[in-house]
Amino acid sequence: MSDLIELYRQTLRIRLVEEEIAKRYSEQKMRCPTHLSIGQEAVAVGVSSLLSNQDKAYSSHRAHAHYLAKGGCLNKLIAELYGKETGCTAGRGGSMHLSDLDVGFVASTAIVANSIPLAVGNALHQQVQKKAEISIAYFGDGATEEGAFYESTNFAAVKKLPILFVCENNQYSVYTPLKPRQPEGRSITRLAQEIGIKSIAVDGNDINQVINATQELLNHVRSGLGPALIECHTYRHREHCGPHFDDDLNYRPRVDIERWLANDPLFKMTQELAKQNNWSAIKADIEKELMLEIHSAFDFAENSPFPDPKQNNNYLYAN
Amino acid sequence: MSDLIELYRQTLRIRLVEEEIAKRYSEQKMRCPTHLSIGQEAVAVGVSSLLSNQDKAYSSHRAHAHYLAKGGCLNKLIAELYGKETGCTAGRGGSMHLSDLDVGFVASTAIVANSIPLAVGNALHQQVQKKAEISIAYFGDGATEEGAFYESTNFAAVKKLPILFVCENNQYSVYTPLKPRQPEGRSITRLAQEIGIKSIAVDGNDINQVINATQELLNHVRSGLGPALIECHTYRHREHCGPHFDDDLNYRPRVDIERWLANDPLFKMTQELAKQNNWSAIKADIEKELMLEIHSAFDFAENSPFPDPKQNNNYLYAN
Amino acid sequence: MPTNTNFAEQINLAQHQAMRDDPSMISMGLGIDDPKGIFNTTTGLAEAFGEERVFDTPTSENAMTGVGIGAAIAGSRVLMTHQRVDFFLLAMDQLVNNAAKWHYMFNGTMSVPLTIRLIIGRGWGQGPTHQQSLQSWFTHIPGLKVVVPSLTDNVGQLLYNAIMDNNPTIFLEHRWLHNQQANEDICKPLKQKPSSIRKHISGDDITIISNSYMLLESLKAAEILKFMGVSCEVLEISEPSNTQLTDVYDSVNKTGSVLVTDISHSHYSVASELITSITENCFSQLKVAPIRLGLPNYPEPTSFGLTKGFYNEADDIVIAVANVFNKNHVKSSPLTKHDVPGDWFKGPF
Amino acid sequence: MPTNTNFAEQINLAQHQAMRDDPSMISMGLGIDDPKGIFNTTTGLAEAFGEERVFDTPTSENAMTGVGIGAAIAGSRVLMTHQRVDFFLLAMDQLVNNAAKWHYMFNGTMSVPLTIRLIIGRGWGQGPTHQQSLQSWFTHIPGLKVVVPSLTDNVGQLLYNAIMDNNPTIFLEHRWLHNQQANEDICKPLKQKPSSIRKHISGDDITIISNSYMLLESLKAAEILKFMGVSCEVLEISEPSNTQLTDVYDSVNKTGSVLVTDISHSHYSVASELITSITENCFSQLKVAPIRLGLPNYPEPTSFGLTKGFYNEADDIVIAVANVFNKNHVKSSPLTKHDVPGDWFKGPF
Ligand SMILES: Cc1ncc(C[n+]2csc(CCOP(=O)(O)OP(=O)(O)O)c2C)c(N)n1
Ligand SMILES: Cc1ncc(C[n+]2csc(CCOP(=O)(O)OP(=O)(O)O)c2C)c(N)n1
Ligand SMILES: [Mg+2]
Ligand SMILES: [Mg+2]
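Chains as they are written, first to last, in this note's numbering: chain S, 9 to 327; chain C, 9 to 327; chain R, 39 to 387; chain D, 39 to 387.
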């Protein structure tokens, strides 16, 4: 149970961070396209609970949860959204280019599927250099439509590279449902299996399922048997990019929305945790502590200076 | 049996054409990279026996057999190899850019897998315009490693497009066997199935298998049920590019070579046909007639003029 | 009373008209039938022409470009739309090896009536991979046509003609122009051929050549320079792939000096090409070295703090020109934030 | 007695040395360990360093480029090889959106020690999609280094230094140079820093700027022009991404005239950029308009008949220069067939 409390705390932390971002986004101070993970946090928390700082993760445009769950510095994340010198990339990359090398979160990128090959390259380096660590590639269902996904998984399978592919299938790419993008009956899991990747599909909102499947797959990957993929079915609560709810646009069936909101990962964990003695007090404490941390991160960001445009000339080339 | 004789004639025709190319290639008059299909002809002949001129085919760098089996003009093919004005593209494209629109052979291209999306686009046009015809995309095992193959088949499956994908799996990409390119146990057929394409694997050197599978798949495609793929296992006899045998380089296991040479499509057909009355006389007649046609095609090519470089300015843009 | 229209609306109109005029036309792209309709530029198309002719696609830029080319070769007229130039980098093989060369390579037997709309981002945190404008790449490739609209009055005409042209055409649309207002009655008839070079202001002292968003800044700059006593001739080149530059040479031969603005990196750019062509053709008339104003040689950073000064504005043009004529100009503070085109833009894209 | 070597061999040597010097280096590409060893440039590498470090790959140019970038970011030094530039068009997203921007975008915290060898085809039926040379594309992108070798004496040095450089570098190798002979003792030490601009012939009347195969033709042209009484200064620029052009400006300021040769299409090319930079910097010293000699604005046709005159040769340079100095020169017939670099080349690639 204490494990579950910690998982809950992690999940709630990401949720509260992103809700705070959403709340303040319209102030026009976080001036960069921002994709919230609200509703999908259990995937990142579940997977990361089985990783060490040595393991290296890459992600996509929707990376806040992956970054935070991996241990990425909260202050740097918020400062990056504000475009401040103290941000992950000192304001060069914004929300879609997060990085915290200290905890093995290498990078997220803004082009769909184009960080998948990078993660595979990381795994190639690990294999050639005989490292014990592994690589993780996070991406969405839309990314699996890119040739880059297919070519990368094929190569990882050929070389039996130490990498875990994590697909968050939230059924949408921006406003577009699966239908015009993938044929009826498509299973990303079975497809990956035929590519040559050990794969499991789970309810990504159920953290126990995520953890159990990840554990099984990591055993495979860490013993050098080759790559693996976990497909996590999940759902995003808010608009694709930006802070708002957008179901007034009617692009998602109402029944789906209701079903998935009822299947919210925090809600699910709470059902279990409510049995715990003293739960409401514990919960209140966690929330309070988290809100303190979060407010302090926003203060940090707001109070940090903008980088000086004179620095724009730095780092065009490495030495 | 008369069907089989015709199939034999077609197959032999392609074989003899290419052997004549091989014989003369070192004269340095056919000055363009040329990929012979010797050993793989049964695929093209079998598939084309079930197509009409309305059906539209695209192919790759190794396109002679596909072009000829579809009914492409022999004179224009040879003239193109010689870079003459009377060639398929009047010398602009060479061996890797064949075309004969009169018989529905739209084009071949030189970049691996990059004509597959074009064929799918052709099928899209056919579907939107409600045409009865279908499209065919020929390509090799190496081409299935390109994202273009994956993205194209996915889209064809989404839209249920009228297209037959024909994969000639000759186990090699240039000198490279499958091992460093595709994971052990890979089946292109099963992979295509998971992408959403009805698929069958056959011995591509057995023309009956090719025809039967193609017929089954074409029934599916022509009734509007969506795309299909046939994977034809086959083997190239000569070097990847150019006229020579190159097994002195030892990149292919000797046992494989022997097994596949014994499984030569012409050899297989002859075993059946030898039972026919008068077979040696029929065979001799066919050969004689074909050699006449072939020599005349080479004469045509040799006697045709080179195009005038002054024409290079034409057709940069269409009107 | 003339009705108001804007750039996005004219783009929308041109597509509606083309779809009506050619029943073989199809239109595809990520999100073209979604509730936002690609910044309202594709709104209503799917409803008007049906989902067989107007449809969303998988996220497969490379193959989908090939599909567009294949459909075009087969006889469809094809329009494809990408929300950013940057995403289209995945499709260079199809564009360059197939689309650009097809008509030529097959000796005129087939053609590729394909238009690809690419939207160029800028500011408000678009950052390194959501703001590139690669017109010099596209124009380097023989066989492609490249169109770069600037003003609401002819953007519809340019797009309509690009669609109806039987060649692969890259249509580079700047996000900051979408809200540009105009009266409908100044808009050029869609079906007329557009002129690829337009003179917006006549002048004697210097020729300023611009396109896309930089044209707006150039026009502003010319106004300011007029008050400073410098008479600018402002030319717009909307089709950089057109090699007929007589109008440009005539202007430079008259003024004897030229400044070329560019929306992309200066280095190896449209500006480089134009200055070289001008130098080759007007050498003896040039009084001073030609000037180019483009982006510096590093990617666009994301932060509001870092993008200050990254882009050239009217003031930068004024300063560069004033310098030639030994005058002085001091950069003024912008009225709106430097990273938005106006108050209408609230992000995120 | 000095031993003979050639261009391909020097490329091979540089790779062997780099693999030895950096145990973290890996090398991959289609066919690099095959019996032909990419025109003998990669022969022996897999044997010497093992198949973990030197390996063939699936035909997946786009993702494999990303894999190379990812491995480089992780700490491997990476070399990738493509038999033609044209195939690499599939990988522009990885190159431009990731490799070029990575060090910058992540504020210097990571780097991409990746070199990509791209071979440029020419003649003997290579045709429209086996002969493109896109150096102006690559050099337009901030953050890439671009190296274009010309001569056997420093090609090894250029490649070794490209590999050891911690930035993504495009190494554009012309197929027609592979057999270029030289004495080993003129070859520059691999581990010395190469100079990115070299003066091969000093002269007073005109500056000729070249790279890659065109340098050989320029050197021949300068010899002929000498007999005609025109003194040419011949410069080689082997790193077009290097913006330090002082040596070029000095030369043009001295001669007052310049001709830039280019192996790619003239339009929007390296030549355009150089002429613009030169005009900006040497305007007052220029006596005549700069001249560029590049490929015409259509794809390379395949036929022996059609490629005649497609490429510029020494004679074309001589004619262009002679014209400036009011002299006459008539094109002579070539000694070997126009579509091969010499008798050693028998096709097909
Ligand atoms: C190559 C490319 N194409 C299009 C886009 C625009 N885009 C940004 S996010 C996104 C949705 C991707 O969907 P998915 O992979 O399922 O991720 P999700 O947003 O659902 O988390 C798209 C299409 C892009 N960034 N890159
Ligand atoms: C994108 C690209 N990469 C590499 C090549 C070089 N190449 C030409 S043919 C070929 C082999 C392809 O193998 P496969 O698809 O199996 O066809 P096969 O030659 O066996 O018929 C390769 C790698 C190319 N033309 N295009
Ligand atoms: Mg999704
Ligand atoms: Mg093969």
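Cβ atoms here follow ideal geometry from the backbone N, Cα and C, with glycine treated the same way.
Beta-carbon neighbours of residue i, restricted to chain R and to distances below 7 Å
{"i": "ARG39 of chain S", "result": "TRP162, GLY163, PHE342, ASP377 and GLY385"}
{"i": "SER107 of chain C", "result": "PHE144 and THR147"}
C-beta contact flag for residue i and residue j at 8 Å
{"i": "PRO191 of chain S", "j": "ALA165 of chain C", "result": "yes"}
{"i": "GLN55 of chain D", "j": "TYR198 of chain D", "result": "yes"}
{"i": "VAL134 of chain D", "j": "VAL128 of chain S", "result": "no"}
{"i": "ARG244 of chain S", "j": "TYR183 of chain S", "result": "no"}
{"i": "THR147 of chain D", "j": "VAL308 of chain D", "result": "no"}
{"i": "THR97 of chain R", "j": "GLU154 of chain S", "result": "yes"}
{"i": "GLY102 of chain S", "j": "GLY165 of chain R", "result": "yes"}
{"i": "HIS241 of chain S", "j": "ASN177 of chain S", "result": "yes"}
{"i": "ILE158 of chain D", "j": "ILE301 of chain D", "result": "yes"}
{"i": "GLY212 of chain C", "j": "ALA50 of chain C", "result": "yes"}
{"i": "ALA145 of chain S", "j": "VAL174 of chain S", "result": "yes"}
{"i": "HIS105 of chain C", "j": "MET202 of chain R", "result": "no"}
{"i": "ALA151 of chain C", "j": "PRO125 of chain C", "result": "no"}
{"i": "ARG39 of chain S", "j": "PHE125 of chain R", "result": "no"}
Other residues of its chain near residue i: CB distance less than 6 Å, five sequence neighbours each side excluded
{"i": "GLU88 of chain C", "result": "GLY95 and CYS96"}
{"i": "VAL290 of chain D", "result": "THR245, VAL296, ILE316 and CYS320"}
{"i": "SER279 of chain R", "result": "THR177, LYS183 and VAL184"}
{"i": "TYR287 of chain D", "result": "ASN319 and CYS320"}
{"i": "THR117 of chain C", "result": "SER123"}
Cross-strand partners of residue i (DSSP beta bridge)
{"i": "ASN100 of chain D", "result": "ASN100 of chain D pairs with nothing; no bridge assigned."}
{"i": "ASN364 of chain D", "result": "Answer is none; ASN364 of chain D lacks a bridge partner."}
Chain-ordered chain D contacts of residue i [CB-CB under 7 Å]
{"i": "TYR336 of chain R", "result": "TYR142 and PRO180"}
Where residue i meets chain D, residues with beta-carbon distance less than 8 Å
{"i": "CYS249 of chain C", "result": "PRO386 and PHE387"}
{"i": "SER250 of chain R", "result": "None at all; the shortest Cβ gap to chain D is about 16 Å."}
Residue i (DSSP reduced to helix, strand or coil)
{"i": "ASP108 of chain C", "result": "strand"}
{"i": "GLU338 of chain D", "result": "coil"}
{"i": "ALA65 of chain S", "result": "strand"}
{"i": "GLY249 of chain C", "result": "Rather than Gly, the amino acid found at residue 249 of chain C in this sequence is Cys. Coil."}
{"i": "HIS238 of chain D", "result": "strand"}
{"i": "TYR306 of chain D", "result": "coil"}
{"i": "ASN350 of chain R", "result": "coil"}
{"i": "LEU253 of chain R", "result": "helix"}
{"i": "LEU210 of chain R", "result": "strand"}
{"i": "TYR180 of chain C", "result": "coil"}
{"i": "MET266 of chain R", "result": "coil"}
Within chain S, the residues that residue i reaches when beta carbons sit closer than 9 Å
{"i": "GLN190 of chain C", "result": "ASN162, ALA165, VAL166 and GLY204"}
Chain-ordered chain D contacts of residue i [CB-CB under 9 Å]
{"i": "PRO315 of chain C", "result": "PRO339, SER341, GLY343 and LEU344"}
Within chain C, the residues that residue i reaches when beta carbons sit closer than 8 Å
{"i": "ARG91 of chain R", "result": "VAL136"}
Same chain, Cβ closer than 8 Å to residue i, neighbours up to 5 away in sequence not counted
{"i": "ASN335 of chain R", "result": "HIS303, SER304 and HIS305"}
{"i": "LEU324 of chain D", "result": "VAL290, GLY294, SER295, VAL296, ILE316 and THR317"}
{"i": "GLU310 of chain S", "result": "LYS37 and TYR90"}
{"i": "ASP381 of chain D", "result": "THR374"}
Beta-carbon neighbours of residue i, restricted to chain C and to distances below 7 Å
{"i": "ASP243 of chain D", "result": "Correct list: empty, because the minimum Cβ distance to chain C is about 32 Å."}
Contact set for residue i: own chain, Cβ-Cβ below 7 Å, skip 5 residues either direction
{"i": "VAL193 of chain R", "result": "PHE45, GLN48, ILE49 and PRO187"}
Chain-ordered neighbours of residue i on chain S, where CB pairs are closer than 8 Å
{"i": "PHE125 of chain R", "result": "ILE119 and VAL120"}
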